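If you're matching them up, the sequences are chains A and B in order.
Numbering follows the numbering used here, with no gaps: position 167 of the first sequence is 167.
Numbering-wise, the numbering used here comes out as the position in the second sequence, counting from 1, plus 195.
Cβ coordinates follow ideal geometry from the N, Cα and C atoms, glycine included.
Owing to the predicted nature of the structure, the values given are computational and were not obtained by experimental measurement.
There are 2 protein chains.
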Amino acid sequence: MARRQDTRERILDAAESLFFQQGITATGVDRVAAEAGVAIVTLYKQFGSKDNLLREVLARRLDSWCGHWNAAVAAAGSPQDRLLAVFDAIESFRAAAGPVQWCCFLATASERPSPEDGQPDPVFELLEQDTLLVTDRLGELAREAQCQDPDAVASTLLLLYNGVLSSLLRGAPSDPVALARRAARSVIGYTLQPS
Amino acid sequence: MARRQDTRERILDAAESLFFQQGITATGVDRVAAEAGVAIVTLYKQFGSKDNLLREVLARRLDSWCGHWNAAVAAAGSPQDRLLAVFDAIESFRAAAGPVQWCCFLATASERPSPEDGQPDPVFELLEQDTLLVTDRLGELAREAQCQDPDAVASTLLLLYNGVLSSLLRGAPSDPVALARRAARSVIGYTLQPS
DNA sequence: GTTTCACTGTAACGACCGTTATACTACAAG
DNA sequence: CTTGTAGTATAACGGTCGTTACAGTGAAAC
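Take a look at the structure:
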């Protein structure tokens, strides 16, 4: 019982670590199994296919990210700080994520060929779900913060959010999170309703 | 003579198109050769290896990008506009680049495993060269625009630049370039020396 | 003690990968 | 006419990929 769950998570850990340090396509299932200390057959019994494993890794990652974000929002004082909490969340998330080097969703979008319009790709759907989730949440927080144009603020913050992630992916100089926070404050300052 | 150059560019075109629409690892050299209307042997006679082909694709891409950027800077009027010209360049570059969907350098960084510290990886060196080039140029332009803290402005613009590229890579809503330009103006407005 | 279940090791499959060897054609230059 | 060059077609190499079949082990459940 508990054994099965434990195995699952060990496989997910190994896959997350290898996929996004070495590249998804470049990482074979055998290496994932070896890293997890598990037989390949076990991996397939649990996940069925490499694609499904990737899907579950991303789903777990998305869940974890939302948790960090929620915590950061809850910890913030003012509505403005709640809006900016997304950058605190990036920092705490990265600190907790361990050896994974970059944004899993960005990497997946890069490696994956555009899906055939016939068959809906579950992995791609997850990617879109991620973007949508972040956008909606930012819009909601911007509205709570009484921003003049909440949608524009949300889009701009999404832009900065993406900028931070890709800056971390490449070896960008200086601290992208701090820069983004400052830029966000400047943008919000212009469009905030004077209270 | 002219034939050889023509073949080279046809291969480079095909590689660029396939690598960054389908993924680098996911694209085989045979498909590149087929797309270029060229025998595989010819490809290897010209480029030696897939890695070298990728390297030359990226180098050409970097050259082309610099050309667009220079043109945009030259077309701008004020020093402030010259600083913001990077966003115009993204638009004209994307319009001219054709079917390639996303930032080649971002995609390469995602797919490629971190290089062994022993052997220097020529492809990775190109990626770093790209980041360095953009950063330096932005710093230079920020200095010419009499910004108060040119390095901070340059870093922030690099952040927005990366944000635009990754937003385009994922299917970000709304127009990231326009948003980035507005955000950049807002940031520069705060740190610009009042003339 | 037998059954059940999670897991293991080995081996193989068909497919595709990057790369190279061999031998052949077309064309331009000397 | 000869020579060299750029390109072609075919086939194969060793390797790795995702995936599965087969047979077996250890421990908990009844």
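What is the rounded straight-line gap between the Cα of residue i and the Cα of residue j?
i, j, result
"Thr330 of chain B", "Phe47 of chain A", "43 angstroms"
"Gly139 of chain A", "Val41 of chain A", "45 angstroms"
"Ile11 of chain A", "Phe282 of chain B", "43 angstroms"
"Leu159 of chain A", "Arg380 of chain B", "15 angstroms"
"Met196 of chain B", "Ala234 of chain B", "For Met196 of chain B, the predicted structure reports a pLDDT of 49, less than 50, and the residue's modelled location is therefore unreliable. A value from the coordinates is still provided. Roughly 18 angstroms separates the two Cα atoms."
"Thr202 of chain B", "Ser259 of chain B", "19 angstroms"
"Leu21 of chain A", "Arg94 of chain A", "The sequence shown places Gln at residue 21 of chain A, not Leu. Cα-Cα distance, rounded: 14 angstroms."
"Asp316 of chain B", "Glu306 of chain B", "14 angstroms"
"Ala302 of chain B", "Tyr44 of chain A", "29 angstroms"
"Leu213 of chain B", "Ser78 of chain A", "48 angstroms"
"Glu323 of chain B", "Asp225 of chain B", "29 angstroms"
"Arg338 of chain B", "Leu126 of chain A", "43 angstroms"
"Asn247 of chain B", "Thr326 of chain B", "20 angstroms"
"Lys245 of chain B", "Ala378 of chain B", "40 angstroms"
"Asn357 of chain B", "Tyr161 of chain A", "10 angstroms"
"Leu157 of chain A", "Val359 of chain B", "12 angstroms"
"Leu141 of chain A", "Ala347 of chain B", "27 angstroms"
"Gln101 of chain A", "Leu169 of chain A", "7 angstroms"
"Ala145 of chain A", "Cys298 of chain B", "34 angstroms"
"Ile188 of chain A", "Cys147 of chain A", "7 angstroms"
"Gln119 of chain A", "Ala221 of chain B", "19 angstroms"
"Glu204 of chain B", "His263 of chain B", "19 angstroms"
"Leu279 of chain B", "Ser155 of chain A", "19 angstroms"
"Phe105 of chain A", "Val123 of chain A", "10 angstroms"
Is residue i helix, strand or coil by DSSP?
i, result
"Cys342 of chain B", "strand"
"Pro79 of chain A", "helix"
"Gln324 of chain B", "helix"
"Gly262 of chain B", "helix"
"Ala366 of chain B", "Strictly speaking, residue 366 of chain B in this sequence is Gly, with Ala absent from that position. Reduced to three states, the DSSP call for Gly366 of chain B is coil."
"Val38 of chain A", "coil"
"Arg112 of chain A", "coil"
"Thr220 of chain B", "coil"
"Asp225 of chain B", "helix"
"Met1 of chain A", "Any reading at Met1 of chain A must be qualified, since the residue scores a pLDDT of 49, below 50, and its modelled position is unreliable; the value itself is stated next. Three-state DSSP puts Met1 of chain A in coil, outside helix and strand."
"Val348 of chain B", "helix"
"Gln119 of chain A", "coil"
"Val268 of chain B", "helix"
"Gln46 of chain A", "helix"
"Leu179 of chain A", "helix"
"Cys299 of chain B", "helix"
"Gly163 of chain A", "helix"
"Gly334 of chain B", "helix"
"Gly384 of chain B", "helix"
On the CB-based measure, 16 or more other CB atoms within 10 Å of its CB, does residue i come out buried or exposed?
i, result
"Gly366 of chain B", "exposed"
"Pro294 of chain B", "exposed"
"Pro194 of chain A", "In this predicted model, Pro194 of chain A has a pLDDT of only 46, less than 50, meaning its place in the structure is not dependable; the value taken from the coordinates is given anyway. Answer is exposed; the Cβ neighbour count stays below 16."
"Gln80 of chain A", "buried"
"Asn70 of chain A", "exposed"
"Asp344 of chain B", "exposed"
"Ala96 of chain A", "exposed"
"Ser361 of chain B", "buried"
"Gly218 of chain B", "buried"
"Ser114 of chain A", "exposed"
"Ala210 of chain B", "buried"
"Arg250 of chain B", "buried"
"Arg82 of chain A", "buried"
"Arg376 of chain B", "buried"
"Arg199 of chain B", "exposed"
Does the region 249-262 of chain B come within contact of the region 221-232 of chain B, defined as at least 3 CB pairs closer than 8 angstroms? no
Quick one: any contact between the region 358-375 of chain B and the region 269-276 of chain B, if contact means 3 or more CB pairs under 8 angstroms? no
Give the residues from the region 283-300 of chain B that approach chain A closer than 9 angstroms (Cβ to any Cβ), ordered along the chain. Gln296, Trp297, Cys298, Phe300
Determine, using beta-carbon pairs with one atom in the region 372-384 of chain B and one in the region 276-291 of chain B, whether at least three such pairs fall under 8 angstroms. yes
Check each residue of the region 323-350 of chain B: if its Cβ is closer than 9 angstroms to any Cβ of chain A, include it; give the result in chain order. Glu323, Asp325, Thr326, Leu327, Thr330, Asp346, Ala347, Ser350
Listed in chain order, which residues of the region 215-244 of chain B have Cβ atoms closer than 9 angstroms to some Cβ of chain A? Phe215, Gln216, Gln217, Gly218, Ile219, Thr220, Ala221, Thr222
Taking any Cβ of chain A, which residues in the region 303-315 of chain B have a Cβ under 8 angstroms from it, in chain order? Ala304, Ser305, Glu306, Arg307, Pro308, Ser309
Taking only beta carbons into account, state which residues of the region 244-261 of chain B come closer than 8 angstroms to chain A, listed in chain order. none
Short of 8 angstroms Cβ to Cβ, which residues in the region 355-379 of chain B face chain A? Leu355, Tyr356, Asn357, Gly358, Val359, Leu360, Ser361, Ser362, Leu364, Arg365, Gly366, Ala367, Pro368, Ser369, Pro371, Leu374, Ala375, Arg377, Ala378
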